[in-house]
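The structure appears right after this line, and notes come after that.
Number of protein chains: 4
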Amino acid sequence: MGNSLGKRFTITSFGESHGRCVGVIIDGCPAGLAISEQEIQKEVDRRRPGDGPASTSRAEADRVEVLSGIYEGRTTGAPIGLLIWNQDVDSSQYLKERYLPRPGHADFTAYTKYGGFNDFRGGGRFSGRITATFVMAGAVARKLLGTIGVEIVAHTVAIGGIKARAKQVEEVKANAGSNTLRCADPEAAEEMLRAIEKARTEGDSLGGVIECIALNVPAGLGEPVFDTLEGDLSRAMFAIPAVKGVEFGSGFSAAEKRGSESNDPFTIRDGSIVTLTNNAGGILGGISNGMPIIVRVAVKPTPSIAREQETVDMEKMVPATLATRGRHDACIVPRAVPVVEAIMAVTLCDFAIRAGLVPEVII
Amino acid sequence: MGNSLGKRFTITSFGESHGRCVGVIIDGCPAGLAISEQEIQKEVDRRRPGDGPASTSRAEADRVEVLSGIYEGRTTGAPIGLLIWNQDVDSSQYLKERYLPRPGHADFTAYTKYGGFNDFRGGGRFSGRITATFVMAGAVARKLLGTIGVEIVAHTVAIGGIKARAKQVEEVKANAGSNTLRCADPEAAEEMLRAIEKARTEGDSLGGVIECIALNVPAGLGEPVFDTLEGDLSRAMFAIPAVKGVEFGSGFSAAEKRGSESNDPFTIRDGSIVTLTNNAGGILGGISNGMPIIVRVAVKPTPSIAREQETVDMEKMVPATLATRGRHDACIVPRAVPVVEAIMAVTLCDFAIRAGLVPEVII
Amino acid sequence: MGNSLGKRFTITSFGESHGRCVGVIIDGCPAGLAISEQEIQKEVDRRRPGDGPASTSRAEADRVEVLSGIYEGRTTGAPIGLLIWNQDVDSSQYLKERYLPRPGHADFTAYTKYGGFNDFRGGGRFSGRITATFVMAGAVARKLLGTIGVEIVAHTVAIGGIKARAKQVEEVKANAGSNTLRCADPEAAEEMLRAIEKARTEGDSLGGVIECIALNVPAGLGEPVFDTLEGDLSRAMFAIPAVKGVEFGSGFSAAEKRGSESNDPFTIRDGSIVTLTNNAGGILGGISNGMPIIVRVAVKPTPSIAREQETVDMEKMVPATLATRGRHDACIVPRAVPVVEAIMAVTLCDFAIRAGLVPEVII
Amino acid sequence: MGNSLGKRFTITSFGESHGRCVGVIIDGCPAGLAISEQEIQKEVDRRRPGDGPASTSRAEADRVEVLSGIYEGRTTGAPIGLLIWNQDVDSSQYLKERYLPRPGHADFTAYTKYGGFNDFRGGGRFSGRITATFVMAGAVARKLLGTIGVEIVAHTVAIGGIKARAKQVEEVKANAGSNTLRCADPEAAEEMLRAIEKARTEGDSLGGVIECIALNVPAGLGEPVFDTLEGDLSRAMFAIPAVKGVEFGSGFSAAEKRGSESNDPFTIRDGSIVTLTNNAGGILGGISNGMPIIVRVAVKPTPSIAREQETVDMEKMVPATLATRGRHDACIVPRAVPVVEAIMAVTLCDFAIRAGLVPEVII
């Protein structure tokens, strides 16, 4: 259960890391949206491992196939099926260590919840590979949001404690794609790269923080008190493996401020009500206020590390040790950047449709 | 829209700050649960303003009335209706400032979304008062969780940048109720109190951080990939006004750790698999692992402050200034502690029922 | 569970027949809709027992109270709480016969499902009285549908096997309110009345068939393949106690026709595509086609009869007999007519909002 | 929107008649259920056109492929993806008649709702072919229901006004598969066959009625007042193209009975409470009572007929005529029988899981 997201733009994810495929069904996409396999492919390619030190060596073609819902280059109003066949899969290591849960991974909880029947190979449903299904759906959502002018950009703001300096949105948009870490601060990126390389050499891994900004989001999105913009966005972000914290605007640092510092004063600009600052991250009372939506997610270091770790043999119920020998990223943060964008896109799409901002037919 | 929470234990909140009442309907509570009006009242009383410097002077009796769903002292399986009539309401100030949105509040977004038809008095649906409906539902959820041994305790861990020292769970349980700030570190509490008093004197307000711990939660709760325990808990926490960040276990600090530090090694204790540390906050892959669930929420300083602030007149579309003169807390963090517990209880209840851990009839 | 209906216009029903009250929360009603307590009251009054032979002698004031969601005469966008306090309740008979399930009633299934903890007095949640909550919600839905021109009328088309002659819609609208049976064929109504009187005298009861017509429903409502207009309407109709069948357009008689008779030919009228006949009942492929929506529901005879019936004592597990002595209608069909209208209104409202036909703010 | 069914056992259907494939994702199936591709294939084969006069000449292999969610012969708890690639597709006729809606079909409403962007070829999402996705899901549901002893059988009870004589359940189980019409009354089946042959010869089509019986359904399934067993079953049945009516137990004929005839008296048999008759169709107050669940659905004659029919050209907005020349069944009723069973299985599965009758892991 729990593999669908969204109320009016609903995505259903399926597939496993080492199974036949990973895929997603999108239900609720308006008809008439022009979108090509290539556009979706392009987003998926952004999630692929790069050449840098941060990356895994698994070389996947990850070719997107459209199964349904698109005809003559446009969405039909029917469910859109998107699929990637798995390739280059080596499950031998997983078969050997089936009963040795990797610390920090879902191996133990999946085993417990599904009585050992879960497809554990490569982490199964809990693999980072599943986020490719989010990215496919995100590509469609993004195209749809484009029809109402919404833009989304995410970037790496910290890795292993090294923080990027704050940048203006325009700079973020211009620079985030300029390096393999997707960090808008090139100097910090250099330092982060060195830290990742060091961690990798030591058989270890690093986490980080990703910030995502959505621009031109109309005021009025969000459905308090429970279906708030913050609530639904955070819930969706936690679907990304390794995310352990989500904050909006000033977030946790707001807790250290005074009201007079934290409140964003209102003013009028070009005939519209705007705020002078954006500590709220574009959301007041769970509803968008027209300012940029700003969310940050904390990504824990990838739990798969080469160092030996203590675990237990779940079958024999005895202590054991484990050293992950599979192919793994020393830092998954850069690869998670397009995933965070995808989750933002899917969630905003859903809210925009709920609010009646996107018609049933796009012309 | 958006006033219901939960899939199998569903609460629907209604009512406004200065309307006739606030109330909640609970659907999905198993039949046979023994619960009295007094038990629910007791939880609601914990949310009331105290005598300390942190509190508003609005004196509400807040008497809980059971409308339906309980017969002969036990739940019947039918929807449980719970209601508090509003009293002691003075809306004059709000009527005067109807078109002057308070910075940091939902006044502007509510006005925009609902076309000015929203009941703005006292913040209407966006008032902290609405959390009384969460607490009523939480009291029932808590009682139900008690039947499977789950315990929940929350406490203030920071106010205005002053941090409580880390305490063992037992100490938290023992001390959290010992002071008006619900802080398990009495020395920090003293300091926090002084900071609040200072802020109040200066017409300002303070935020803080609340930690909530759930004990004895069975392994296996959570429904990845989207209905994760973290995701649903965070979504629900953002229903609490002023919450701007949510993290689990090490949370944002995990982003600064290495995998070897962050991973919780497994071991066997009393025949069960446990982890030696709990950086995961009791959740791996979105599923509970049997360790204590640990969540922290960042509460921004209450936006209602006595200081003059810049705003706009939404009707005349001209700049304006505003100084909140209503009765307000200089720091709402302590009053939010039982609300955080209630949200935790409602969410865990829902997951426990989904997982089949709670039967349709309690005997 | 199961006490909410609708995805974007959601009603949550609560309360019991002999408890404190019955009520409903409406979530998702757009802001700005002008509606008064009196308008809701008027619909509720239509459901009240009349003076005719068909009716119960329970004399309830059934005064509607607005708890929330309406301010200055207009909906605010917040949940609308509506409540009727119960009065004139005599539960003594029910207390005596607590363990004797009435044949044809929900007493046995409720006892089984809720382990005997259900509030059985007067049928509790399973009483026809609960439909007053549907009618309150229906009054709001109807007002909202009025803003897009949709009209709804239901009428009795059969009672105890006596069938009303088919009438044109205009005649139905004109005549359905002219007699206590809400039958548009006055002659059939006379005959029905005699049949009801006869059944009552013999300690028995009669069922019947209600037809409901919705006019001016725009083409395009319905969300195949599962959330069809027929599917969602029928599901909602089965919430009315005693309904055992639902059909659209030609319904069951379509099964006896040939395709050439059953298909409705298309033609152009006033620049729009219409059908020459309406065997489809206004729905093709689960989507409205712009013709009148026509649904008929089969209402079984009210199970509460004065005649002695065989049952069992659920506590002692021995055979028993039972003769209902409470106040009961010999035929509930006429009182169910406004309930069917309410269910139609609520369901169409939900679809209209889903399709973006009703804005978030009514001006 | 609307392509998912079920709350805890959720199926999401996708694909089009003349697109690449039809498929279904099942979310919420417990882990550990042993099921093979062959078992699913077997159910799908039952839906295929037979050799009789009732059938289309489209010869599809319809080979089921498992995409995900099954590992080592057992369900894993992850979403189960099932797919059939389309073959033998000739869309030329549809391309020619793109703007000529077939009377009785969804062509017009789909065109209207989706602005002409819908994949109209072969009816697209509105084709009977989509029911293959229900049957795949039904095969899994059925296997799961088998673990708690529930059995399901459907049969043709009427075609073109020719009614099968009532049969005992055991006879239905024994005979329903003995002829191509899936009719338990062989004599009536003969007559039906002749009627179908006659209709086909005359370029026409016939409808009919299917009855479905579920045995050994435990008492207590159903969630009143809105999520009743009748309501959810009927809603799901209307997803089958051409269904225009649904009734339970005595159904519409109950409306002609008296309470004393319609009520099912309770008695005790083998220590359990049962009813002497089953006019209720196994459902009281929306909850199963332990007796067989009995539902009947009215299937209108297939709208695709060879006879010339009046329609309009939607592009040119002028009258037109149309004679369906594609391959079509003269009577789809027999092929719909396994589809009705599948819908029953999926719905009961969902209720059984909601009620906690099926554990998260099957051992």
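Protein chains in written order, with my numbering: chain A, 1 to 363; chain B, 1001 to 1363; chain C, 2001 to 2363; chain D, 3001 to 3363.
The C-beta atom is built at its ideal place from N, Cα and C for all residues, glycine as well.
| Check | Outcome |
| --- | --- |
| Just to confirm before moving on: does the CB-CB distance between Gly1249 of chain B and Gly1281 of chain B stay below 8 Å? | yes |
| Quick one: list the residues of chain C neighbouring Ala355 of chain A, beta-carbon separation under 9 Å, in chain order. | Glu2360 |
| Identify which residue in D:Gly3122, D:Ile3148, D:Glu3211, D:Glu3151 has its Cα closest to the Cα of Ala3166 of chain D. | D:Glu3211 |
| Would you kindly work out how many angstroms separate the C-alpha atoms of Pro3241 of chain D and Asn3 of chain A, rounded to a whole number? | 27 Å |
| From the DSSP output, read off the bridge partner residues of Ser3274 of chain D. | Note that residue 3274 of chain D is Val in the sequence shown here, rather than Ser. For Val3274 of chain D, which the question treats as bridged, DSSP gives the partners D:Thr3267. |
| Which stretch, first to last residue, makes up the alpha helix (DSSP H) that contains Val1358 of chain B? | It is not in any alpha helix (DSSP H) - Val1358 of chain B carries neither H nor E in the DSSP assignment. |
| What would DSSP say about Glu2065 of chain C, mapped onto helix, strand or coil? | strand |
| Among B:Ala1323, B:His1328, B:Pro1334, B:Ser1272, whose alpha-carbon lies nearest the alpha-carbon of Val1299 of chain B? | B:Pro1334 |
| What residue range is occupied by the uninterrupted alpha helix (DSSP H) comprising Lys2096 of chain C? | 2092-2096 |
| At a CB-CB cut-off below 7 Å, which residues of chain A make contact with Asp3119 of chain D? | Tyr71, Thr76, Ala78 |
| What residues from chain C crowd round Met2970 of chain D, counting only those whose CB sits closer than 7 Å? | With chain D covering 3001 to 3363 only, the question about residue 2970 of chain D has no answer from this structure. |
| Report the three-state DSSP secondary structure of Arg3258 of chain D (helix, strand or coil). | strand |
| From the DSSP secondary-structure annotation, give me the bridge partner or partners of Lys1113 of chain B. | In DSSP, Lys1113 of chain B forms no bridge with anything. |
| Measuring CA to CA, which of C:Ala2158, C:Ala2189, C:Ala2345 is closest to Ala2139 of chain C? | C:Ala2345 |
| What are the boundary residues of the beta strand (DSSP E) that Ile2294 of chain C is part of? | 2293-2299 |
| Please tell me whether, using a cut-off of 7 Å, the distance from the CB of Val135 of chain A to the nearest non-hydrogen atom of the ligand NAP is below it. | The ligand NAP is not part of the structure shown, which contains no ligands of any sort. |
| Excluding the five sequence neighbours on either side, which residues of its own chain have a C-beta within less than 6 Å of the C-beta of Ala1031 of chain B, listed in chain order? | Thr1075, Thr1076, Gly1077, Val1361 |
| Start and end of the alpha helix (DSSP H) containing Cys28 of chain A? | Reading off the sequence shown, one finds Gly at residue 28 of chain A, where the question assumed Cys. Per DSSP, Gly28 of chain A belongs to no alpha helix (DSSP H) and is neither H nor E. |
| Have a look at Ser92 of chain A and Leu3284 of chain D and give me their C-alpha separation to the nearest angstrom. | 55 Å |
| Leaving out five residues on either side along the sequence, give the residues of the same chain with a beta carbon under 7 Å from the beta carbon of Ala2034 of chain C. | Gly2073, Arg2074 |
| Given that Pro2303 of chain C touches chain D, what residues does it touch there, using C-beta distances under 7 Å? | Gly3259, Asn3263 |
| Please state whether the Cβ-Cβ distance between Val3312 of chain D and Gly3245 of chain D is less than 8 Å. | no |
| Please identify the residue among C:Met2314, C:Ile2343, C:Gly2220, C:Met2317 whose C-alpha is closest to the C-alpha of Ala2352 of chain C. | C:Gly2220 |
| What are the start and end residues of the alpha helix (DSSP H) that includes Ile3196 of chain D? | 3186-3201 |
| In or out: Leu193 of chain A buried (at least 16 other Cβ within 10 Å) or exposed? | buried |
| Scan the stretch 2219-2248 of chain C and note each continuous beta strand (DSSP E) run of 3 residues or more that stays entirely inside, going in chain order. | 2243-2248 |
| Measuring straight from C-alpha to C-alpha, what distance separates Gly2177 of chain C and Phe1120 of chain B? | 41 Å |
| State yes or no: is the beta carbon of Leu1215 of chain B nearer than 8 Å to at least one beta carbon in chain A? | no |
| Is Arg1047 of chain B closer than 8 Å to Thr1180 of chain B when the C-beta atoms are compared? | no |
| Is the CB-CB distance between Gly3122 of chain D and Tyr3094 of chain D below 8 Å? | yes |
| I want to see whether chain A comes within less than 8 Å of Ala1352 of chain B, judged by CB atoms only; does it? | no |
| Just confirm the distance between the C-beta atoms of Gly3286 of chain D and Pro3224 of chain D, as a whole number of angstroms; I'd bet it's less than 8 Å. | 4 Å |
| Kindly indicate which three-state DSSP category Ala323 of chain A falls into: helix, strand or coil? | coil |
| Give the secondary structure of Val3169 of chain D by DSSP, where H, G and I count as helix, E and B as strand, and everything else as coil. | helix |
| Could you spell out where the alpha helix (DSSP H) holding Phe1014 of chain B opens and where it closes? | Run containing Phe1014 of chain B: none in the alpha helix (DSSP H); it sits in the beta strand (DSSP E), 1010-1015. |
| What's the gap between the Cα of Leu1067 of chain B and the Cα of Asp1227 of chain B? | 31 Å |
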